[in-house]
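In this note's numbering, the protein residues as written are 73 to 239.
What follows is the structure, given as structure tokens:
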């Protein structure tokens, strides 16, 4: 397999996997392209390489920057904006886990807390609802706590070992 074929296969596959970590195909493809690029890329470079519109590129770059995965890089003498992504796989995993917790797990914990904190009217169905949602709340909160400890301890040898196992 030659470079172009391997590059296209990687970008396409990474794009398909994007939904597993909560982003759309174009976002994942942009991140993949930046990930394997040897230099910062402009929006025009990205549009041309991936054959996507300016609006799609702009919107997805903005979202990737919101995630903390992509940043702008200024190039002296250039008027265009250039973009880079985190290249360290372990750091990238840490950023994604942290953001997914904020966007997905934390809202679920809040809902489970609200639901499990309703007033107990003494009925069997209310008791069951409280019991089960409290159990889910506690489990989710504990799992999120462990995940947060992992992602905040990026220089810890144990954390690095666990992240290596997960990636």
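Every residue gets a Cβ at the ideal spot worked out from N, C-alpha and C, and that includes glycine.
Item: Counting only the same chain and skipping the five closest in sequence on each side, list residues whose C-beta sits under 7 Å from that of residue 111.; Value: none
Item: The ligand COA heavy atoms versus the CB of residue 142: any closer than 8 Å?; Value: Among the components modelled here there is no ligand, and therefore nothing to report on the ligand COA.
Item: Whose C-alpha, out of 151, 163, 121, 95, is nearest the C-alpha of residue 131?; Value: 95
Item: Since I believe residue 100 is in contact with residue 89 (beta carbons under 8 Å), could you give me their beta-carbon distance rounded to a whole number of angstroms?; Value: 7 Å
Item: Using alpha carbons as the reference points, say which of 219, 194, 188, 198 lies closest to residue 207.; Value: 188
Item: Does the beta-carbon of residue 158 have 16 or more other beta-carbons within 10 angstroms, so that it is buried, or is it exposed?; Value: buried
Item: What does the alpha-carbon distance come out to for the pair residue 213 and residue 147?; Value: 43 Å
Item: Assess contact between the region 216-224 and the region 166-183, defined as three or more Cβ pairs (one per stretch) separated by less than 8 Å. Is contact present?; Value: yes
Item: Going along the chain, which residues of its own chain have a beta-carbon closer than 7 Å to the beta-carbon of residue 192, five neighbours each way excluded?; Value: 198, 199, 202
Item: So, with DSSP's three-state summary, where would you put residue 188?; Value: helix
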